[in-house]
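Chemist:
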Amino acid sequence: MTLSHHLLLLGVLSLWHCSADSADPLGVFCNKDTNIGSGNASADFDDLSVQLVSKASTNGFVAISFGSGQYLVHGLAQCRGDVGKEGCSTCIQDAAKQIRTRCPNKADARILFDYCFLRYSDKDFIGKVDTGFGIFLRHGAKVTETERFNEELGKLMEKIRSQAVEPQNAGLGKGQTKLTPFVTLYALVQCTRDLSPLSCAQCLAIAVGNFSDFCYNMKGCRVLYSSCYARYELYPVSFRLGSALMWVLPSLPILQQEEVNATSILTIDNED
């Protein structure tokens, strides 16, 4: 098995760690040009973290601004829409703990897990599409019947993107389609719930649009941005609705910790 890593450097953030292990985040981003400081500012971030954990664990989502006077801090936490309350609470608590450890004293930080996402900043990002950095993961061998595969993938993605922008679906779209009697294609998309339907559609269009460049004819692909997420695989990629149990997913190779002084788009290519 060969493993190659490709980094496309775009900006001024820091990528500290990427992993597909369920205990570790897929990515942690720390803006090295920001600092929390001390006194009231530090206390505001501490209080914000508590509010994010409490409210997101209960509702699966929260976007809030916290502080007093002219200095406000802004935060967002969200679990994937098909994750049960217990799994959501565990993920958000872990995210809040790890983000402060991995991004100490940084006023702009984001952490992405498979099942939840948390970010905070001293700049107001709530309600805005953010595709300024991302994580792209591709793995598995290439498909053989490429024309049929890409046709069915396109139709499935169009269907679940339409689901995601419906208000009752809270930014989540998921579905599956049979490629053969024995092979099923599964897909999932999600936007953060602070986005309007139009903004959600715009973010997902960008995410899915990257499939043809980074994951063309591959059996599996994930594109993760701060505002949305898109994935397809040839195995189930979601929780069973109404259940706290996770599907047992094949693990991706772990990328060892490294620091890159840029916004990073990571592509993991795992081929047999």
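FYI, the numbering for the sequence shown is -20 to -1, 1 to 252, going by mature numbering (1 follows the signal peptide of the UniProt record, and there is no 0).
Even for Gly, the Cβ is constructed at its ideal location relative to N, Cα and C.
1. Counting beta carbon pairs with one atom in the region 105 to 119 and one in the region 195 to 210, are three or more of them shorter than 8 Å?
2. Excluding the 5 residues preceding and the 5 following VAL109 in the sequence, name in chain order all residues of the same chain whose CB lies nearer than 7 Å to its CB.
3. Can you list, in chain order, the stretches of the beta strand (DSSP E) that have 3 or more residues and sit fully within the region 146 to 215?
4. Taking THR14 and ASP74 to be in contact with their CB atoms under 8 Å, please state how far apart those CB atoms are, rounded to whole angstroms.
5. I'd like the span of the alpha helix (DSSP H) that includes ARG141, first residue to last.
6. According to DSSP, is VAL33 part of a helix, a strand, or is it coil?
7. For the alpha helix (DSSP H) containing GLN78, list its first residue and its last residue.
8. Going by the DSSP bridge assignment, what does LEU52 pair with across the sheet?
9. Tell me the rounded alpha-carbon separation between THR172 and CYS59.
10. Short of 7 Å in beta carbon distance, which residues of its chain neighbour GLN50, apart from the five on each side in sequence? Order them along the chain.
11. Hey, out of LEU56, SER37, GLY40 and THR38, whose CA is closest to PHE46's CA?
12. In terms of residues, what are the limits of the beta strand (DSSP E) holding ASP88?
13. Is VAL53 buried or exposed, if buried means 16 or more other CB atoms sit within 10 Å of its CB?
14. What does the Cβ neighbour count give for VAL123, buried or exposed, with the cut at 16 atoms within 10 Å?
15. Buried or exposed: HIS(-15), going by 16 or more other Cβ atoms within 10 Å of its Cβ?
16. Relative to the C-alpha of ILE140, which residue among THR160, GLN170, VAL163 and ILE16 is closest?
17. Thinking C-alpha only, which one of ASP4, GLU125, SER142 and THR160 is nearest ILE79?
18. Decide if PHE129 is buried, meaning its Cβ has at least 16 other Cβ atoms within 10 Å, or exposed.
19. For SER101, does the three-state DSSP call read helix, strand or coil?
20. I need the DSSP call for LEU117, collapsed to helix, strand or coil.
21. Taking all protein chains shown into account, decide if SER192 is buried (16 or more other Cβ within 10 angstroms of its Cβ) or exposed.
22. By the 10 Å Cβ neighbour count, where 16 or more other Cβ atoms means buried, how is GLU138 classified, buried or exposed?
23. Between which two residues does the beta strand (DSSP E) harbouring GLY17 extend?
24. Quick one: what's got a C-beta closer than 6 Å to ARG211's C-beta in the same chain, skipping five residues either side?
Modeler: Put simply:
1. yes
2. LEU175, SER179, GLN182, CYS183 and SER207
3. 152 to 160, 163 to 171, 198 to 205 and 208 to 213
4. Contact flag wrong, Cβ pair sits at about 23 Å.
5. Taken as a continuous stretch (DSSP letters only), the alpha helix (DSSP H) holding ARG141 covers 126 to 144.
6. The answer is helix: DSSP assigns VAL33 an H, G or I state.
7. Residues 65 to 82.
8. GLY47
9. 9 Å
10. none
11. LEU56
12. Per DSSP, ASP88 belongs to the beta strand (DSSP E) from 88 to 92.
13. buried
14. Classification for VAL123: buried.
15. Confidence at HIS(-15) is low in this model, with a pLDDT of 33, below 50, so the placement of that residue is unreliable and no value is reported for it.
16. Among THR160, GLN170, VAL163 and ILE16, the Cα nearest to that of ILE140 is on GLN170.
17. Closest in alpha carbon position to ILE79, among ASP4, GLU125, SER142 and THR160, is ASP4.
18. PHE129 comes out buried.
19. Reduced to three states, the DSSP call for SER101 is strand.
20. strand
21. exposed
22. Answer is exposed; the Cβ neighbour count stays below 16.
23. Here GLY17 belongs to no beta strand (DSSP E), and DSSP marks it neither H nor E.
24. LEU168, ARG202 and VAL217
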